[in-house]
Each structure stands twice: as C-alpha cells, then as structure tokens.
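Residue numbering for the sequence shown follows our numbering, starting at 30 and increasing by one per position.
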Amino acid sequence: MQFIKDLSLPPVIAGFVTVLVGFTSSAVIVFQAANAVGASPGQVASWMWALGLGMGATCILLSLRYRVPVVTAWSTPGAAMLITGAAGVSIGEATGAFLVSAALITVCGFSGWFERMINRIPVSIASGMLAGVLLRFGMDVFVAMKTQFILALAMFIVYLAGRRLMPRYAVITTLAVGIAIAAAQGLLHMDGVRLEFARPEWVMPAFSLPALIGVALPLFVVTMASQNVPGVAVIRASGYKVPISPVIGWTGVTNLVLAPFGAFALNLAAITAAICMGREAHSDPDRRYVAAVAAGFFYLLIGLFGATVGAVFAAFPKELVLVIAGLALFGTIGNGLAAALANEGEREPALVTFLVTASGVTLFGIGAAFWGLVAGVIAMLALHGWKPAQGAAPAGK
Numbered sequence: 030m031q032f033i034k035d036l037s038l039p040p041v042i043a044g045f046v047t048v049l050v051g052f053t054s055s056a057v058i059v060f061q062a063a064n065a066v067g068a069s070p071g072q073v074a075s076w077m078w079a080l081g082l083g084m085g086a087t088c089i090l091l092s093l094r095y096r097v098p099v100v101t102a103w104s105t106p107g108a109a110m111l112i113t114g115a116a117g118v119s120i121g122e123a124t125g126a127f128l129v130s131a132a133l134i135t136v137c138g139f140s141g142w143f144e145r146m147i148n149r150i151p152v153s154i155a156s157g158m159l160a161g162v163l164l165r166f167g168m169d170v171f172v173a174m175k176t177q178f179i180l181a182l183a184m185f186i187v188y189l190a191g192r193r194l195m196p197r198y199a200v201i202t203t204l205a206v207g208i209a210i211a212a213a214q215g216l217l218h219m220d221g222v223r224l225e226f227a228r229p230e231w232v233m234p235a236f237s238l239p240a241l242i243g244v245a246l247p248l249f250v251v252t253m254a255s256q257n258v259p260g261v262a263v264i265r266a267s268g269y270k271v272p273i274s275p276v277i278g279w280t281g282v283t284n285l286v287l288a289p290f291g292a293f294a295l296n297l298a299a300i301t302a303a304i305c306m307g308r309e310a311h312s313d314p315d316r317r318y319v320a321a322v323a324a325g326f327f328y329l330l331i332g333l334f335g336a337t338v339g340a341v342f343a344a345f346p347k348e349l350v351l352v353i354a355g356l357a358l359f360g361t362i363g364n365g366l367a368a369a370l371a372n373e374g375e376r377e378p379a380l381v382t383f384l385v386t387a388s389g390v391t392l393f394g395i396g397a398a399f400w401g402l403v404a405g406v407i408a409m410l411a412l413h414g415w416k417p418a419q420g421a422a423p424a425g426k
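So, in structure tokens, the structure goes:
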C-alpha cells in the first residue's frame with residue numbers, strides 16, 4: 030500500500046500539531062454554541078463525537094482518494110454565529126437548520142457552481158490571502174515571549190538549530206523541548222485528564238421559518254465565505270490540484286449524516302490545512318497527504334474520547350501552542366508572500382489582499398479572509414481589468 034511506503038514521523042507530527050492548534054484555538058467556541066441552543070452535557074459530548082468523526086473521516090478518505098493533503102474542520106465562524114444568532118431557537122430547530130445548511134453546501138459542491146466561482150481567483154491573490162491569514166500565527170511566536178519568555182525563546186532557538194542541523198525534524202524536536210520545559214516549569218496541567226468515551230445522542234430535527242432564515246442561511250453563507258473559500262485558496266496557493274466540487278460535496282454529505290448528532294457545519298480548513306501543506310510536514314510535497322491522514326486519525330480520537338482528548342490538549346500552556354503553530358507555518362508564510370509578490374503586474378492587488386486579510390476586519394459576520402479576496406479582486410479589476418486565464422492553479426504540486 031502506497032500510504033505505508035509514504036508514512037514517516039514528520040507528517041504524523043504535523044497532523045498532531047494541526048489538531049492541537051485547531052482544537053485549542055476554537056473548541057471553547059463550539060462548547061458555547063452548543064450551550065446557546067440549549068444542549069445538555071450529553072449532547073455537548075455528542076457534538077464533539079459527531080464533529081470529530083466527520084472531520085476524521087473526511088480528512089482520511091479524501092486525502093487518500095486524491096493523494097493530496099485535504100484537511101477539514103468545523104466552522105468556527107459558524108459556531109460564533111450560533112452563539113449570537115441562535116438565541117431562542119430550540120436544539121431541535123437548530124438541528125433542522127444544520128441539515129438545511131448541509132444540504133445547501135452539498136448542492137453547491139456537486140453542482141460545480143462553487144468551483145466555477147473559485148477558479149476565477151488569480152493565484153497571486155490567493156497566495157496573498159494565505160499569507161495574510163497566517164501572519165498572526167507567525168507573529169505569535171514572538172508575542173508569546175511577553176508572558177513565557179524562557180519557554181518561547183528556547184523553542185525558537187531549538188527550531189533554528191533544527192532547521193540548520195536536521196530540517197525534517199525541527200518542529201518535532203521543538204515540540205518535545207517545549208513540552209519538557211513546560212513540564213519543568215509546572216505549566217502542564219494533567220490532573221483533569223481521565224479516560225472517557227463520548228456517546229452519540231440523536232436529536233430529532235424540527236423545522237421553523239425563523240430557524241431557517243436566522244440560522245440555516247447565515248450558517249451556510251458564513252461557512253462557504255469564511256471557511257470554504259479560504260480553504261480552497263490555501264490548497265491552490267500551496268500548489269496542489271484537487272477536484273473542488275466533489276470535495277465540497279462530500280463534506281456536505283458527511284455533514285448531512287452527522288447533523289442530528291451535533292455536526293453543525295463541516296468545511297475545508299484554511300489555517301490548520303497550511304500546517305499539513307508546508308515543508309515541515311515533509312520535504313516531498315507528494316507525501317504531505319500523510320499529514321492530513323494523521324490529522325484525521327487524531328480527529329477520530331477526539332470524537333471517540335472527546336472529554337479525554339480535550340483535557341489533554343487543554344493541559345498544554347497557551348504559549349506552547351502559539352509558538353509551535355507559528356514555527357510550523359514559517360515556511361508556508363514565506364512561500365505565500367513569495368508567490369503573491371512574484372508577478373509584478375499583480376503585485377498591488379496581491380498586496381491589498383494580504384493587508385486586508387491580515388487586518389482581521391470582520392463585516393456582516395464574515396471574516397477577513399473573504400474580504401481580503403474581495404478587495405484583491407476589486408483592485409485587480411481597477412488596475413488591469415479581469416484576466417480569466419490567471420485564475421488557474423500552478424501546474425504540479
């Protein structure tokens with residue numbers, strides 16, 4: 030089996046870092062969203078089971094199918110929208126809204142409409158958006174030194190030494206050193222860790238006009254604009270070719286199946302996907318899909334042992350997570366900037382995209398990555414007119 034031949038430690042560690050960053054950065058928002066629709070403690074655990082199972086299955090199956098790193102995630106903007114937009118909606122009505130949103134995503138995917146739209150985004154603009162999305166993570170390596178100077182500085186020094194002496198294992202070594210230092214400083218809190226299975230709980234969907242208008246449609250729009258659009262852009266900016274329509278379609282189908290158990294929205298990942306697509310995952314781009322498969326395996330563990338895995342990830346100090354994520358993304362940030370600014374004729378639109386995305390501006394509940402793409406496209410039209418041929422992804426991987 031080709032996967033066994035391609036399996037090695039660096040992409041597995043990249044997959045672990047992907048899940049570590051994704052879970053610790055936004056799991057609390059998912060918990061708040063579940064509470065906002067009146068979920069019981071058992072139903073909250075079921076949400077984590079469904080989301081973990083959905084992300085794990087799609088990461089593993091799609092990555093193996095296309096031999097490229099396809100990383101999926103829950104919709105963090107969608108969860109944030111639920112916290113404020115689902116007030117007064119019962120959990121049954123929310124579940125019905127999840128089903129409608131998932132059905133719309135499925136139709137958008139398999140119909141090819143979404144791919145036709147995304148194909149018209151020039152690679153320079155997609156790369157500028159990617160660099161803008163990831164900029165904060167690179168800066169956080171040094172921001173973490175404000176609160177945990179010894180931990181962050183030691184990890185940075187180990188990373189530089191690793192890049193010089195053993196590039197493939199730089200992130201692995203840095204993570205190990207960071208955990209050791211955190212343990213020595215008493216920053217690891219493992220006392221809340223206990224082995225506990227998550228149990229799925231079915232919620233009977235209910236449909237109401239207020240929930241469809243106030244939850245389903247906003248959840249669909251936010252997920253597509255703030256998650257799937259940047260997710261595709263990251264894949265393209267990283268130099269990979271993948272048929273977008275079936276990928277989006279299958280995330281929608283998976284979402285449909287698991288929505289009654291709490292999978293509110295599944296989509297392509299952007300930030301965490303970049304970890305699996307960078308040089309730290311593997312020196313050979315053709316073997317980086319193993320990182321996405323490994324991430325899927327760790328997501329499955331989250332689904333099966335939701336409470337236990339959550340406690341393990343929560344035991345890591347925030348600064349350790351910030352530093353390891355930023356260091357793992359250094360190469361991707363650099364490549365994104367290089368691709369964005371390489372074409373002199375497209376440099377200003379790409380720069381506009383980068384700056385708007387990096388600003389973090391949010392309008393109408395939709396995040397900066399989408400508005401960065403919009404601003405870049407407007408700048409391209411204003412300066413050069415539209416050139417459809419520039420929308421194609423670069424050849425090869």
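Cβ coordinates follow ideal geometry from the N, Cα and C atoms, glycine included. Note that the coordinates shown come from a computational prediction; the quantities given were computed from them, not determined experimentally.
Asked: Since residue 322 and residue 106 should fall inside the 8 Å C-beta cutoff, what is the C-beta to C-beta distance between them, to a whole number of angstroms?; Found: Actually they are not in contact, since the Cβ atoms of residue 322 and residue 106 sit about 26 Å apart, beyond 8 Å.
Asked: Out of curiosity, what's the CA-to-CA distance linking residue 384 and residue 48?; Found: 27 Å
Asked: Count the other CB atoms, across all protein chains shown, that sit within 10 Å of the CB of residue 301; report buried if there are 16 or more and exposed otherwise.; Found: buried
Asked: Tell me whether the region 193 to 202 and the region 397 to 406 touch, counting them as touching only if at least three CB pairs, one residue from each stretch, are closer than 8 Å.; Found: no
Asked: When we look at the beta-carbon of residue 410 and count the other beta-carbons within 10 Å, is it buried (16 or more) or exposed?; Found: exposed
Asked: Any chance you could list the beta strand (DSSP E) runs of at least 3 consecutive residues sitting entirely within the region 137 to 217, in chain order?; Found: none
Asked: Apply the 10 Å Cβ neighbour rule to residue 104 and answer buried if 16 or more other Cβ atoms are within range, or exposed otherwise.; Found: buried
Asked: Residue range of the alpha helix (DSSP H) that residue 280 falls in?; Found: 273 to 287
Asked: Within 10 Å of its beta-carbon, does residue 76 have 16 or more other beta-carbons around it, so buried, or fewer, so exposed?; Found: buried
Asked: Between residue 286 and residue 50, what straight-line distance do the alpha-carbon atoms span, to the nearest angstrom?; Found: 26 Å
Asked: Report the three-state DSSP secondary structure of residue 400 (helix, strand or coil).; Found: helix
Asked: In the DSSP output, what is residue 296 paired with across the bridge?; Found: 102
Asked: Touch check for the region 133 to 149 and the region 369 to 385: three-plus C-beta pairs under 8 Å?; Found: no
Asked: Taking 7 Å as the limit between beta carbons, can you name the residues of its chain near residue 36, skipping five residues before and five after?; Found: 319
Asked: Residue 161 and residue 387 - do their beta-carbons sit closer together than 8 Å?; Found: yes
Asked: Please identify the residue among 110, 83 and 38 whose C-alpha is closest to the C-alpha of residue 60.; Found: 110
Asked: By the three-class DSSP mapping on this structure, what secondary structure does residue 417 have?; Found: Note that residue 417 scores a pLDDT of 44, beneath 50, so its modelled location is shaky; the value from the coordinates is reported in the next line. Reduced to three states, the DSSP call for residue 417 is helix.
Asked: In or out: residue 316 buried (at least 16 other Cβ within 10 Å) or exposed?; Found: buried
Asked: Leaving out five residues before and five after residue 236 in sequence, what residues of the same chain have Cβ atoms less than 6 Å from its Cβ?; Found: 125
Asked: Exposed or buried, which one is residue 169 when buried takes at least 16 other CB atoms within 10 Å?; Found: buried
Asked: Using C-beta distances below 7 Å, list every residue in its chain close to residue 197, excluding the 5 sequence neighbours before and after it, in chain order.; Found: 39 and 312
Asked: My guess is that residue 225 and residue 334 are in contact by the Cβ rule of under 8 Å, so how many angstroms apart are they, rounded?; Found: 7 Å
Asked: Start and end of the alpha helix (DSSP H) containing residue 364?; Found: 359 to 371
Asked: Where do the ends of the alpha helix (DSSP H) carrying residue 325 lie?; Found: 318 to 333
Asked: So, does the region 80 to 91 touch the region 345 to 354, judging by three or more C-beta pairs under 8 Å?; Found: no
Asked: Where do the ends of the alpha helix (DSSP H) carrying residue 35 lie?; Found: 31 to 35
Asked: In the structure shown, what three-state DSSP assignment does residue 47 receive?; Found: helix
Asked: Is there contact between the region 286 to 297 and the region 70 to 86, where contact requires at least three CB pairs shorter than 8 Å?; Found: yes
Asked: From the DSSP secondary-structure annotation, give me the bridge partner or partners of residue 38.; Found: Bridge partners of residue 38: none, in fact.
Asked: Buried or exposed, going by whether 16 or more other CB atoms sit within 10 Å of the CB of residue 115?; Found: buried
Asked: Work out the CA separation of residue 270 and residue 375 for me, nearest whole Å.; Found: 22 Å
Asked: Using the beta-carbon count (16 or more within 10 Å), is residue 195 buried or exposed?; Found: exposed
Asked: Just mark residue 31 as buried or exposed, buried being the case when its beta carbon has 16 or more other beta carbons within 10 Å.; Found: exposed
Asked: In angstroms, rounded to a whole number, what distance separates the CA positions of residue 209 and residue 44?; Found: 20 Å
Asked: Give the straight-line distance between the Cα atoms of residue 256 and residue 295, rounded to the nearest whole angstrom.; Found: 9 Å
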